[in-house]
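> First, the structure itself, so that you have it in front of you.
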Amino acid sequence: MTRPFDVAVLGGGVLGNFIAYHLARAGQRTCLLERGYTAGGTSGATHAWIYVSTKTPGHYGRFSYESSLLYERLEAEHGVDFQYERSGGLSILWTDEAVEAAHAMVAEQVAAGVACEVLTPEQTAAREPLLSPTHIKGAVYGPLDGCVNPFAVMYHMNALARSHGVDFRPYCEVTAVERDDDAFVVRTRGGVVRAAKVVLAGGVWTRDLARMLGFEAPIRPSRGQVLVSEPMPQMVEHIVANGSIRQLRERGVILFGRVMENDQTANLNTYDGLQAALRDVLRMAPGMGAVRVVRSYAGIRPKPFDDLPVLGEVPGQPGVFTAVTHSGVTLGPIIGLSLAELVTGRPTTYDLTHYGWDRVGATA
Ligand SMILES: Cc1cc2nc3c(=O)[nH]c(=O)nc-3n(C[C@H](O)[C@H](O)[C@H](O)COP(=O)(O)OP(=O)(O)OC[C@H]3O[C@@H](n4cnc5c(N)ncnc54)[C@H](O)[C@@H]3O)c2cc1C
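Position 312, counted from 1, in the sequence shown is what this note's numbering calls 319; the numbers after and before it change by one each time, with no gaps.
Quick look at the structure:
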């Protein structure tokens, strides 16, 4: 019988690739199992912002910011290009109450080391002329906010993981996970894999993987839908968070539409969803009416019960780790490193106090 892997990572999205890369760097014999190809799940159907300014509470903003710095470090270290742009982000405020709450949030974020500020309607429109100051009360501006090309991220991280020795197995759906005396037996459509530890990184499908081991992952699905424009002359400078508007620098294409449909698991676009998204966008940015939409896509977010990542070894399941979160593109680098540290029993570089399983039982 062949020697078991040290770790099998189940799911080859953005998190699985970062985790496998860091495990291999830490000297672990690692297998990465993916039922399709990398980017075939939610990581290929995302907005791919690296958004930090409104990630609350402060520790979570800081965690997101640290992750953004790791993107830059990886680019420099390996000479790869994730097409990372810190364009700055604007989160629109519609009411006086929202402005008041924004001041308190900004104070907390700044105290945590995450730069951001509250702008008046006029300051907002001056920064982003696409926005009309008429109906808004202001915005939170975050200079650290930006975005990547998720396909570039996954292409490079998968290549880096393989170059560090990861055994990547695409088109290898996991159908069962069982415990043997000294290893997990992972049954897949491409054969059996044995590993001393398993990391469940199946995005929203982590629920199915967890059930194979007899526990529930505390997440629910939330569908997003995104509209894609034809190439346009440069007309949007920032990420506009509320309508989820972002223009790709390279080709001028605008991605937009903020849709959050909880408990929807069907990966498809709907007329109602897209219409509602369009109405929101036109209310704050009438100039978007001139944009021609050429296609749309949908993706299913994994949404943890308290909106914070669920990372680490599962209570009562020795050797089983989860890495599941929304904002997985933002957090990929920091979760990859942190999971590798947890799996190998090393001290963690970043404070994971708020993201462990110990909080789950109490409130989930
Ligand atoms: C519309 C939309 C916009 C978003 N915008 C942002 C954003 O701006 N910034 C941000 O940070 N995040 C954003 N997100 C969220 C982000 O995309 C996700 O948090 C992230 O992609 C999750 O990555 P993952 O690796 O956990 O999951 P996935 O990318 O879904 O990867 C999981 C993988 O597991 C595989 N898998 C599942 N079951 C099995 C099995 N049985 N066997 C083998 N493989 C299996 C799947 O095929 C999949 O490839 C957005 C999401 C949506 C839908």
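Beta carbons are placed, not taken as given, at the ideal position from N, Cα and C, and that holds for glycine.
Because the structure is a prediction, the values reported are computed rather than measured.
If I measure Cβ to Cβ from Leu220 and keep anything under 7 Å in the same chain, skipping five residues before and after, which residues do I get?
So the qualifying residues of the chain are Val184, Gln324, Val327.
> Does the region 101-110 come into contact with the region 63-72, if we say contact requires no fewer than three beta-carbon pairs (one atom in each stretch) closer than 8 Å?
No, because fewer than three Cβ pairs between the region 101-110 and the region 63-72 fall closer than 8 Å, the two stretches do not touch.
> Given 7 Å as the limit, tell me if Leu349 has its C-beta closer than that to any heavy atom belonging to ligand 1.
No, ligand 1 has no heavy atom inside 7 Å of this Cβ.
> For Leu30 and Val350, which I take to be in contact (beta-carbon distance under 8 Å), what is that distance rounded to the nearest angstrom?
Rounded, the Cβ-Cβ distance is 6 Å, consistent with contact.
> In whole angstroms, what is the alpha-carbon distance linking His110 and Arg218?
In a straight line, the C-alpha of His110 is about 43 Å away from that of Arg218.
> Mapping DSSP to helix, strand and coil, what is Val21?
If DSSP states are grouped into helix, strand and coil, Val21 belongs with the helices.
> When every heavy atom of ligand 1 is checked, does at least one fall within less than 7 Å of the C-beta of Val233?
Under cutoff, so the answer is yes.
> Glu237 to Tyr304, Cα distance in whole Å?
Cα to Cα, the separation comes out at about 14 Å.
> Output the boundary residues of the beta strand (DSSP E) element that contains Asp174.
174-176 is the extent of the beta strand (DSSP E) around Asp174.
> Go through its chain and collect everything with a Cβ distance to Pro293's Cβ below 7 Å, but skip five positions before and after it.
Only Ser139 meet the Cβ criterion.
> Is Thr329 near ligand 1, judged by its Cβ being under 7 Å from some heavy atom?
Checking every heavy atom of ligand 1 against the Cβ of Thr329, none is found closer than 7 Å.
> Any contact between the region 32-42 and the region 12-20? By contact I mean 3 or more CB pairs, one from each, below 8 Å.
Contact between the region 32-42 and the region 12-20 is present, because at least three Cβ pairs lie under 8 Å.
> Assuming the contact rule is C-beta atoms closer than 8 Å, Glu244 and Ser75 should be a hit. Round their C-beta distance to whole Å, please.
In fact, because the Cβ distance is near 19 Å, the residues do not count as touching under 8 Å.
> Following the continuous beta strand (DSSP E) through Leu262, name the residue where it begins and the one where it ends.
Element bounds for Leu262: 261-263.
> If you count every other CB in all the chains shown that lies within 10 Å of the CB of Tyr278, and 16 or more means buried, which is it?
Label assigned to Tyr278: exposed.
> Considering only heavy atoms of ligand 1, does any lie closer than 7 Å to the CB of Gly209?
Answer for Gly209: yes, Cβ within range of ligand 1.
> Tell me which residues share the same chain as Met291 and place their Cβ nearer than 8 Å to its Cβ, disregarding the 5 neighbours each side in the sequence.
Only Ile99, Leu138, Ser139, His142, Ile143, Val247, Asn249, Gly250 meet the Cβ criterion.
> Just curious, the beta strand (DSSP E) that Ala330 is in, first and last residue?
That run of the beta strand (DSSP E) goes 327-331.
> Within 7 Å: the Cβ of Glu73 and any heavy atom of ligand 1?
Every heavy atom of ligand 1 is 7 Å or more from the Cβ of Glu73, so no.
> Just the Cα atoms here: how many angstroms apart are Ala371 and Asp365?
Because the pLDDT at Ala371 is just 46, under 50, the model does not fix this residue reliably, and the point stays unresolved.
> Residue range of the beta strand (DSSP E) that Thr182 falls in?
181-186 is the extent of the beta strand (DSSP E) around Thr182.
> Do the region 50-57 and the region 151-169 make contact, defined as three or more Cβ pairs closer than 8 Å?
Result yes; three or more Cβ-Cβ pairs closer than 8 Å.
> For Arg32, collect the residues of the same chain with a Cβ closer than 6 Å to its Cβ; drop the 5 residues on either side in sequence, then sort them by chain order.
Taken in chain order, the residues that qualify are His171.
> Alpha carbon to alpha carbon, what distance is there between Tyr148 and Val59?
If you take the alpha carbons of Val59 and Tyr148, they lie about 11 Å apart.
> Taking the continuous alpha helix (DSSP H) assigned at Ser303, which residues delimit it?
No alpha helix (DSSP H) holds Ser303; the beta strand (DSSP E) holding it covers 300-311.
> Which value, in whole angstroms, describes the spacing of the CA atoms of Leu126 and Val113?
Between Leu126 and Val113, the C-alpha separation is close to 11 Å.
> Three-state secondary structure (DSSP) at Ile143?
Here Ile143 sits in coil by DSSP.
> Under DSSP, the beta strand (DSSP E) around Ser170 begins and ends at which residues?
Where Ser170 is concerned, there is no enclosing beta strand (DSSP E), although the alpha helix (DSSP H) it sits in stretches over 157-170.
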